[in-house]
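The sequence shown lines up with residues 402 to 744 when you count with the working numbering.
Quick reminder that beta carbons are idealized off the backbone N, C-alpha and C, glycines included.
I have placed the structure first, in the form of structure tokens, so that the comments after it can refer back to it.
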Amino acid sequence: MSSSILIIYTGGTIGMREDPADGTLKPFDFSQIKEEVPELNKFAVKLDSYTFDPLIDSSDVEPSLWVSLAQLILDRYEDYDGFVILHGTDTMAYSASTLSFMLEGLTKPVVFTGSQLPIGVPRTDGKENLIGAVEIAAAKDEKGHARVPEVSIFFDSRLLRGNRSTKYSAEAFNAFASPNCPPLAEAGINIRYNTDLIRKPVYWDAQLRVQTQLDTSVAILKVHPGITPQVMRSVVSDPHTRAVILETYGSGNAPSKDWFITILKEACESGKVILNVTQCKSGTVNMDLYATGARLKHAGVLSGEDITTEAALGKLFCLMGRTQDNARVKTLLEKDLCGEISK
């Protein structure tokens, strides 16, 4: 059963190759992708490409790109069986996380990938990442349904849920980690799918809905020894901020000083959303475990459980874009919407 895949190149290292004339790295023409990566010819897959113009460096990614990506997928949704998004690695986890919330009723794969080395240089990881991403995006089960109808990241032979991923290394080929959620699939001689973990739609004939309204009035505050009331107030009490992601120690702990708790309590009572996310890469927030966490809970701070900071940001952007009612945002924030927290 053949599949058709749209490769979307937003920018990033993977799409670069060395210009023999001057030795500089320049993007190549993705319409000729099978010439650049001839291994793709071995798949019974129809490949088309779309290249953003101008290309976007990963460090310059903004919500406008996510809106453009979501709209492009919606516009081409009926024409393709899956989508592969080539993206710079620095903000890939942010993009994959946010798109998982923007694409509602998804029944087809949206696989992000990239590389640490350009696809046109020796020892590149780009070819294997691209080949694996295409194969997974095209994979169907015996009923003709997509094997992985989720937003995901394929990197270094592992398929990770997009909203559970974080960039772990700036140099290693296994650049991404998903400490609180096992891989959705692993590529070796064969691709082994973790079928029980992969989320499936309630209705396979559901219509894709795309949320393009994002409210980005969110701040991230990392708790640290020596944090001052002035710093706390400047972030938490800013009138232009609707929500704050509070990165705390361990299982959700923070300073127990009265001024610290008072600032948070005042913000919560004013209607602001304060979400407690652990600074640890692995583990979960449990504000019932220690007295310091319990004080945050009593002040009105919400538990982010084991959500990543990237997913917390994308989830807040989408929920706040959906409604101006922060009470409604708080209710939805505690629900597992698309596999971003362990329930």
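Coarse secondary structure for residue 693, derived from DSSP in three states: If you number the sequence shown from 1, residue 693 lands on position 292. Note: residue 693 maps to helix in three-state DSSP.
Contact between the region 654-662 and the region 622-631 (3+ Cβ pairs under 8 Å): yes
Stretch pair the region 591-609 + the region 637-646: three plus CB contacts closer than 8 Å: no
Secondary structure, beta strand (DSSP E): runs of 3+ residues fully inside the region 513-567: 552-556 and 559-562
As assigned by DSSP and simplified to three states, the class of residue 439: On the sequence shown, residue 439 is found 38 positions in, with the first residue counted as 1. In the structure shown, residue 439 sits in a helix (DSSP, three-state: H, G or I).
Outcome for residue 603 when other beta-carbon atoms lying within 10 angstroms are tallied against a minimum of 16: Start at 1 with the first residue of the sequence shown, and residue 603 comes out as number 202. So residue 603 counts as exposed.
Residue 439 classed as buried or exposed, judged by whether at least 16 other C-beta atoms fall within 10 angstroms: To locate residue 439, count along the sequence shown from 1; it is residue 38. With fewer than 16 Cβ atoms within 10 Å of its Cβ, residue 439 is classed as exposed.
Check whether residue 504 and residue 471 have beta carbons under 8 Å apart: Locating residue 504 in the sequence shown gives position 103, where the first residue counts as 1. Locating residue 471 in the sequence shown gives position 70, where the first residue counts as 1. Against a cut-off of 8 Å, the Cβ pair of residue 471 and residue 504 comes out as a contact.
Length-filtered (4 minimum) alpha helix (DSSP H) runs lying within the region 621-707: List check, alpha helix (DSSP H) in window: 630-637, 659-670 and 692-700.
Distance CB(residue 405)-CB(residue 482) smaller than 8 Å: One-based indexing of the sequence shown puts residue 405 at position 4. One-based indexing of the sequence shown puts residue 482 at position 81. The answer is yes: Cβ separation under 8 Å.
Nearest residue (CA-CA) to residue 553, options 683, 701, 466 and 496: Numbered from its first residue, the sequence shown carries residue 553 at position 152. With distances taken between Cα atoms, residue 553 lies closest to 496.
DSSP bridge partner residues for residue 715 (one or two, in chain order): Numbered from its first residue, the sequence shown carries residue 715 at position 314. DSSP lists no partner for residue 715.
Bridge-paired residues (DSSP) for residue 730: If you number the sequence shown from 1, residue 730 lands on position 329. According to DSSP, which records beta bridges pairwise, residue 730 is partnered with nothing at all.
Cα-Cα separation between residue 417 and residue 467, rounded to whole angstroms: Residue numbering aside, residue 417 sits at position 16 when the sequence shown is read from its first letter. Residue numbering aside, residue 467 sits at position 66 when the sequence shown is read from its first letter. Distance between the alpha carbons of residue 417 and residue 467 is about 22 Å.
Distance, residue 549 Cα to residue 671 Cα: For the purposes of this step, residue 671 is taken as residue 270 along the sequence shown, with counting starting at 1. For the purposes of this step, residue 549 is taken as residue 148 along the sequence shown, with counting starting at 1. Using only the alpha carbons, I get a separation of about 42 Å.
Whole-angstrom distance between residue 414 and residue 691, CA atom to CA atom: In the sequence shown, counting from the first residue as 1, residue 691 sits at position 290. In the sequence shown, counting from the first residue as 1, residue 414 sits at position 13. Computed Cα separation, rounded: 44 Å.
Segment limits, alpha helix (DSSP H) that includes residue 500: As a first step, residue 500 is located in the sequence shown; it is residue number 99 there, counting from the start. Looking at the DSSP string, the run of the alpha helix (DSSP H) that includes residue 500 is 493-503.
Residues near residue 619 in its chain [Cβ-Cβ closer than 8 Å; skip 5 each side]: Translated into positions along the sequence shown, residue 619 becomes position 218. Cβ within range, chain order: 642, 643, 644, 645, 646, 714, 717, 718 and 721.
Residue interval of the beta strand (DSSP E) (run including residue 409): Residue numbering aside, residue 409 sits at position 8 when the sequence shown is read from its first letter. Residue 409 -> beta strand (DSSP E) spans 404-410.
Sequence-distant residues of the same chain with beta carbon closer than 6 Å to residue 446, five excluded per side: Residue mapping note: residue 446 aligns to position 45 of the sequence shown, counting from 1. Its chain contains 404, 406 and 539 as the residues whose beta carbon lies nearer than 6 Å to that of residue 446, once the 5 sequence neighbours on both sides are disregarded; these appear in chain order.
Residue 449: first and last residue of the uninterrupted alpha helix (DSSP H) it sits in: The residue given as residue 449 occupies position 48 in the sequence shown. From DSSP, residue 449 is part of no alpha helix (DSSP H) but of the beta strand (DSSP E) over 446-452.
Close beta carbons around residue 654, own chain, < 6 Å, minus the five adjacent residues each side: Translated into positions along the sequence shown, residue 654 becomes position 253. Taken in chain order, the residues that qualify are 691, 693 and 694.
Beta-carbon proximity check, residue 521 vs residue 444, cutoff 8 Å: Here residue 521 refers to the residue found at position 120 when the sequence shown is read from its first residue. Here residue 444 refers to the residue found at position 43 when the sequence shown is read from its first residue. In this structure, residue 444 does not lie closer than 8 Å to residue 521 by Cβ.
Residue 507 (DSSP reduced to helix, strand or coil): Position 106 of the sequence shown, counting from 1, holds the residue named residue 507. Three-state result, residue 507: coil.
Host alpha helix (DSSP H) of residue 487 (start-end): Along the sequence shown, read from residue 1 onward, the residue named residue 487 stands at position 86. Looking at the DSSP string, residue 487 is not in any alpha helix (DSSP H); the run it does join, the beta strand (DSSP E), is 483-487.
Among 605, 675 and 517, the one whose alpha carbon lies nearest that of residue 570: Indexing the sequence shown from 1 puts residue 570 at position 169. Closest by C-alpha distance to residue 570, out of 605, 675 and 517, is 517.
C-beta contact flag for residue 534 and residue 514 at 8 Å: Here the question's residue 534 lines up with position 133 in the sequence shown. Here the question's residue 514 lines up with position 113 in the sequence shown. Yes, Cβ-Cβ distance for residue 534 and residue 514 is below 8 Å.
Buried or exposed by the 16-neighbour rule on C-beta atoms within 10 Å, applied to residue 665: Your numbering for residue 665 matches position 264 in the sequence shown. By the neighbour-count rule (16 or more Cβ atoms within 10 Å), residue 665 is buried.
C-beta contact flag for residue 711 and residue 547 at 8 Å: Taking the first residue of the sequence shown as 1, we reach residue 711 at position 310. Taking the first residue of the sequence shown as 1, we reach residue 547 at position 146. For the pair residue 711 and residue 547, the CB atoms are not nearer than the 8 Å cut-off.
Residue 733 classed as buried or exposed, judged by whether at least 16 other C-beta atoms fall within 10 angstroms: Taking the sequence shown and counting its residues from 1, the one referred to as residue 733 is at position 332. Looking at its Cβ environment, which holds fewer than 16 other Cβ atoms inside 10 Å, residue 733 is exposed.
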